[in-house]
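So the structure is just underneath, and the comments pick up after that.
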Amino acid sequence: MTQPSPAYGYPQQLPPHPYPPTPVRRWWQHPALVITTLVVFPPGGIALAWLSHWSRTKKIIATVLAGLWFITPFLGDPPKNPQGDAKPQTVATAAATTAPPSSPPPAEPPSFVGQNLKTAKAAAYDAGYNALSHDASDNDSGQWDDDNWKVCFQTAAVKRVGTMPTLDLGVVRNEAPCPAKDGKPIPYPKMPKVVGQSLAKASATLDPLAFQAIEADSAYTDVTLPAAGDWTVCFQEPTAGEEVQYPKTTTAYLKVTAPGTACPKTEFTELHPAPTAPSTNPDDSDDASSSSSGGPSSSGTGSVGTITPGAYCSTPGSTGVSKTGVLYTCKGPDQERWRP
């Protein structure tokens, strides 16, 4: 059976005791104050919002919005120079259009041909370029020490190194001449002919080749070369026409004679050879007997046995045999020597 409605005179049923207390709102919890503080001073407003009687959802929303409002000024552009703002807009626009860019692209690169590779790389970097290098000859040598190479050719590299434009430098060693074209053989200098020249003139002729040293010695093995004199070159090493590839490690050797003394026909010759000892060969004795008995050899001539080709001899017309069995005769022109 249902209870009659209070409208029929029955008393209204009240909640059981004790009644729940009604929350008391403090002055700092007033919604208007909280909202105003959130706008004017967001950090303080956020604190008041969490002390208010708002629901948790409202508190979170108020915190997020106030936080965004607080940090927005710090995310904008920096303040402009008030003096710049006071200038007419037309002037500022003109300055902006005529001012050069902060990092202009490099202009046409300067030429580094003829420079030392180490110096060229540093200068290229200062001009806004990176630099690579390769052997400009038909070899494929690596440049382990940039200071030992010089630049012969310069082109733009196919690929950049980093963000800067890159140059490709064709190089050869400092002492070598540049080839006619990149990748062609190096035209090494050839040893000039200095035989017949004075020692002073020969030295001046060889100076451009930048030899490690030029050494002079006597062309005769039994003659000591004085410290100075107007000598004549008889033999040279390297020989005339030979390529000189490494002059810095090469020594030029010159064999010379004193003025008025003829050059020997061959190297390692004595100017005053010792007298040849009489031969003990029986055949030589027979030849000597034949000569003395009126044989084919005339007076003043004869065989003296084994001789040294090119050496000086004292009896014109006499004959001798070398160690290899070749017959030689003591004859001129000029001073007599053993000649074939």
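At position 183 of the sequence shown (counting the first as 1) the number is 199 in my numbering, and the numbers step up by one without a gap.
By construction, the Cβ of each residue, glycine as well, lies at the ideal position given by its N, Cα and C atoms.
Predicted model, so just to flag it, every value in this text is computed and none were measured.
- Less than 9 Å separates the beta-carbon of glycine 61 from that of alanine 78.
- Restricted to the stretch 175-258, the alpha helix (DSSP H) segments that are unbroken, complete and at least 4 residues in length are 215-222, listed in chain order.
- The continuous stretches of alpha helix (DSSP H) do not include lysine 166, which lies in the beta strand (DSSP E) extending over residues 165-172.
- One thing to note: proline 275 has its Cβ no nearer than 9 Å to the Cβ of tyrosine 328.
- Under the three-state reduction of DSSP output, tryptophan 43 falls in the helix class.
- In summary, tryptophan 43 is exposed, with fewer than 16 beta-carbon neighbours lying within 10 Å of its beta-carbon over all protein chains present.
- In summary, threonine 88 is exposed, with fewer than 16 beta-carbon neighbours lying within 10 Å of its beta-carbon over all protein chains present.
- Look at the beta carbons and you see the stretch 268-287 touching the stretch 227-238: at least three pairs across the two are nearer than 8 Å.
- Distance from the Cα of alanine 268 is smallest, within the candidate group Pro126, Lys209, Gly144, for Lys209.
- Under the three-state reduction of DSSP, alanine 63 is assigned to helix.
- Excluding its 5 nearest sequence neighbours in each direction, valine 239 has C-beta neighbours in its own chain below 7 Å: Leu287, listed in chain order.
- Its chain contains Met207 as the residues whose beta carbon lies nearer than 8 Å to that of threonine 255, once the 5 sequence neighbours on both sides are disregarded; these appear in chain order.
- Residue state for valine 50 is assigned as helix, using DSSP reduced to three classes.
- For lysine 281, DSSP assigns no beta-bridge partner whatsoever.
- Of the residues Cys168, Tyr141, Gly348, Trp354, the one whose Cα lies closest to the Cα of histidine 150 is Cys168.
- Beta-bridge partners assigned by DSSP to glycine 336: Tyr344.
- Residues of the same chain with a CB within less than 6 Å of the CB of leucine 215, apart from the 5 flanking positions on each side, are Ala232, Trp247, Val272 in chain order.
- Between the beta-carbon of proline 193 and that of alanine 226 there is about 12 Å, and that puts the pair past the 8 Å contact cut.
- For valine 272, DSSP records a beta bridge to Ser234, Val249.
- Rounded to the nearest angstrom, the Cβ distance from alanine 140 to phenylalanine 128 is 6 Å, consistent with a contact under 8 Å.
- Distance from leucine 343 to threonine 335 at the Cβ level is roughly 6 Å; contact confirmed, criterion being Cβ atoms closer than 8 Å.
- Using a Cβ distance threshold of 9 Å, leucine 133 and aspartate 162 count as a contacting pair.
- The Cβ neighbour count for tryptophan 165, taken over all protein chains shown within 10 Å, is at least 16; the residue is labelled buried.
- Look at tyrosine 328 here: in three-state DSSP terms it is strand.
- Looking at the DSSP output, tryptophan 354 shares a beta bridge with Cys346.
- Apart from sequence neighbours up to five positions away, the residues of its chain that approach glutamine 252 with a beta-carbon distance below 6 Å are Val210, Val211, Leu270, ordered along the chain.
- Following the DSSP letters along the chain, one finds valine 80 inside the alpha helix (DSSP H) bounded by residues 72-87.
- DSSP places alanine 138 within a helical segment (H, G or I) once states are collapsed to three.
- In the structure shown, threonine 265 adopts helical secondary structure according to DSSP, grouped into three states.
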